[in-house]
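This report concerns only the one structure given below.
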Amino acid sequence: MQLLQELITYVGDQWPRLLGLTVQHVKLALVAVLYGVAVGVPVGYLISRFRRLAEPVLWVTNAIQTIPALALIGFAMLIFGLSPATGIFCLFLYSLMPIIRQTYTAITSIDPAVIEAAAGMGMTRWQIFRIVQLPLALAVTMVGIRMAVVMSIGTAAIMSLAGAGGLGSEIFAGIDRVQDKMILAGALPAALLAILADAGMSALERRLTPRGLRQA
Amino acid sequence: MITWEKLGELTLQHLTLSLSAVLLATLVAVPGGILLSRNRRAADPIIAVVGMFQTLPAIALLAFMIPLMGIGSRPALAALFLYALLPILSNTYKGLVSVDPAAKEAARGMGMTAFQMLLFVELPLAFRVIMSGIRTSTVLIIGWATLGAYVGAGGLGEPIISGFAMVSPRLILAGGVPVTLMALLADFLLGYLERKVTPRGLQV
Chain A
265 MQLLQELITY
275 VGDQWPRLLG
285 LTVQHVKLAL
295 VAVLYGVAVG
305 VPVGYLISRF
315 RRLAEPVLWV
325 TNAIQTIPAL
335 ALIGFAMLIF
345 GLSPATGIFC
355 LFLYSLMPII
365 RQTYTAITSI
375 DPAVIEAAAG
385 MGMTRWQIFR
395 IVQLPLALAV
405 TMVGIRMAVV
415 MSIGTAAIMS
425 LAGAGGLGSE
435 IFAGIDRVQD
445 KMILAGALPA
455 ALLAILADAG
465 MSALERRLTP
475 RGLRQA
Chain B
40 MITWEKLGEL
50 TLQHLTLSLS
60 AVLLATLVAV
70 PGGILLSRNR
80 RAADPIIAVV
90 GMFQTLPAIA
100 LLAFMIPLMG
110 IGSRPALAAL
120 FLYALLPILS
130 NTYKGLVSVD
140 PAAKEAARGM
150 GMTAFQMLLF
160 VELPLAFRVI
170 MSGIRTSTVL
180 IIGWATLGAY
190 VGAGGLGEPI
200 ISGFAMVSPR
210 LILAGGVPVT
220 LMALLADFLL
230 GYLERKVTPR
240 GLQV
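The listed protein sequences correspond, in order, to chains A and B.
Residue numbering for the first sequence is 265 to 480, as defined by our numbering.
Residue numbering for the second sequence is 40 to 243, as defined by our numbering.
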């Protein structure tokens, strides 16, 4: 329990710096997912319209997902050098798979009968999109965004290696100097952030689910 | 800068570490999933707790092991094992729960015992889903095992890390390319196996 005391003293001393790293960490993850949404949602929508593109696009995003993070950082570093851009680029690539796949699933899984009913009620194409398709697809798309956010926060913990900062820099500094308190001061908030992000995004997901589709 | 011999050694080390973690996780998670499918009320909370390990950043999980177990391949194995559990556990559970009740009833009608039913009906029908969990875990673990190099467990992360430190693209590629190939290959092979083990009646 000596470690716990050391940790408390250390965090007491260092909290402004640790807070800064935490903010940097969250920013890094969220900016990457934002890019992921900006690219992934349109791509997911496109491949739901042009189904022939779906398989190759999903295959590529899956393959990207398979690349080990440390290797991807290495490859990206050869292009962007040691900079936050490298970190954001890697996290962006990883966030594409869940977002594209879920957007695609969201749109393709809407019951055609519902759209027919809407058309039968005299809705225009735009109205169908806004009033029927969008709300129905939103919840499923949100699942993908949640996965991307949680993954991004988790993986951001090693992006300090790419020079992107974040809580990883504390963890790796602790490993280098064999300082357990530093390792924990970085790892505990990183873990907590991931758990919080998961809970927060789940709550948002539920709110965005149309009432008629909510389960219990 | 790095010999082929050394690279071969690191590759073997990487493979051993990853496969041991997945094997251990399978040995725990498959029986665990079977138990959960028999006690469905316990399933949700237990899967949620195991899921929390999965939410933790891999490097954090690995880092937590250092104060507990020191450095070397043991802490890496422990962290990777925990990380590999969830996909296998939840897929085993999902696979078993989604077996068509009619098939189970038919088996019971044929006079099968509960154990026979599990062995000859439920597990074969759930096998594909279970295998897909094992595939997810394997690919994930091969990737995160690169971080093992930070705790002295060796593996293909080692040249990547030295590459970062010495700003050497050659070293980064020497570790990064084989580990990426290993992950892609594992994904492909296990995907193939997944289709192969599907009972003929279920193949589309």
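Heads up, the beta-carbon is just placed ideally off N, CA and C, and yes, glycines get one too.
query: Residue-level contact to chain B via CB, glycine 450 (chain A), 9 angstroms cutoff; result: yes
query: 8 angstroms contact criterion, which tyrosine 122 (chain B) and alanine 97 (chain B) should meet: CB distance rounded; result: 6 angstroms
query: Within-9 angstroms CB hit, leucine 310 (chain A) to chain B; result: no
query: Endpoints, alpha helix (DSSP H) assigned at proline 96 (chain B); result: Looking at the DSSP string, proline 96 (chain B) is not in any alpha helix (DSSP H), and its letter there is neither H nor E.
query: 9 angstroms Cβ cutoff met for threonine 65 (chain B) and isoleucine 211 (chain B); result: no
query: Whether glutamate 270 (chain A) touches aspartate 440 (chain A) by CB criterion (9 angstroms); result: no
query: Option nearest valine 324 (chain A) by Cα separation, candidates B:Tyr231, B:Arg239, B:Leu223, B:Ile127; result: B:Leu223
query: Beta carbon of valine 413 (chain A) nearer than 9 angstroms to that of methionine 361 (chain A); result: no
query: Proximal residues, the segment 275-309 of chain A versus chain B, C-beta separation under 7 angstroms; result: none
query: Aspartate 83 (chain B), buried or exposed, once every other Cβ within 10 Å from all chains shown has been counted against 16; result: exposed
query: Cα-Cα separation between valine 290 (chain A) and isoleucine 422 (chain A), rounded to whole angstroms; result: 13 angstroms
query: Chain B within 9 angstroms of valine 414 (chain A), Cβ atoms only; result: yes
query: Start-end ranges of the beta strand (DSSP E) lying completely within the segment 339-425 of chain A, minimum 3 residues; result: none
query: Sub-9 angstroms separation of threonine 177 (chain B) and valine 61 (chain B) beta-carbons; result: yes
query: Where tryptophan 183 (chain B) falls, given that 16 or more other Cβ within 10 Å makes a residue buried; result: buried
query: Contact with chain B by alanine 454 (chain A), beta-carbon distance below 9 angstroms; result: yes
query: Residue-level contact to chain B via CB, threonine 350 (chain A), 9 angstroms cutoff; result: no
query: Nonlocal neighbours in the same chain, by C-beta distance under 8 angstroms from leucine 267 (chain A), ignoring five residues either side; result: Asp444, Lys445, Leu448
query: Contact between the segment 161-175 of chain B and the segment 124-139 of chain B (3+ Cβ pairs under 8 angstroms); result: yes
query: Minimum Cβ-Cβ distance from tyrosine 245 (chain B) to chain A less than 9 angstroms; result: Residue 245 (chain B) lies beyond the range of chain B shown here (40 to 243); nothing can be said about it.
query: Min CB distance phenylalanine 33 (chain B) to chain A below 9 angstroms; result: The structure shown does not extend to residue 33 (chain B), since chain B is modelled only from 40 through 243, so no value can be given for it.
query: Any chain A beta carbon closer than 9 angstroms to phenylalanine 244 (chain B); result: An answer regarding residue 244 (chain B) cannot be provided, because it is not within the stretch 40 to 243 covered by chain B.
query: CB contact below 9 angstroms: glycine 432 (chain A) versus chain B; result: yes
query: C-beta contact flag for phenylalanine 356 (chain A) and tyrosine 299 (chain A) at 9 angstroms; result: yes
query: Methionine 149 (chain B) classed as buried or exposed, judged by whether at least 16 other C-beta atoms fall within 10 angstroms; result: exposed
query: Beta-carbon gap between phenylalanine 103 (chain B) and alanine 451 (chain A) smaller than 9 angstroms; result: yes
query: Interface flag, threonine 50 (chain B) vs chain A, CB-CB below 9 angstroms; result: no
query: Interface residues of chain B facing isoleucine 439 (chain A) [CB-CB closer than 8 angstroms]; result: Ala102, Ile105, Tyr189, Val190
query: Contact set between isoleucine 181 (chain B) and chain A, taken where Cβ atoms lie within less than 7 angstroms; result: Pro332
query: Spatially closest choice to arginine 470 (chain A) from A:Ile395, A:Met406, A:Met385, A:Gly284, by CA coordinates; result: A:Met406
query: Proximal residues to aspartate 277 (chain A) (C-beta, below 8 angstroms), its chain only, five neighbours per side dropped; result: none
query: Segments assigned alpha helix (DSSP H), at least 4 residues, entirely inside the segment 52-95 of chain B; result: 79-94
query: Inter-residue CB distance, cysteine 461 (chain A) and isoleucine 417 (chain A) (contact presumed, cutoff 8 angstroms); result: According to the sequence displayed, residue 461 (chain A) carries alanine and not cysteine. That belief holds up - the Cβ atoms of alanine 461 (chain A) and isoleucine 417 (chain A) are roughly 5 angstroms apart, short of 8 angstroms.
query: Cutoff 9 angstroms: threonine 55 (chain B) Cβ touching any chain A Cβ; result: no
query: C-alpha gap between aspartate 375 (chain A) and threonine 369 (chain A), whole angstroms; result: 12 angstroms
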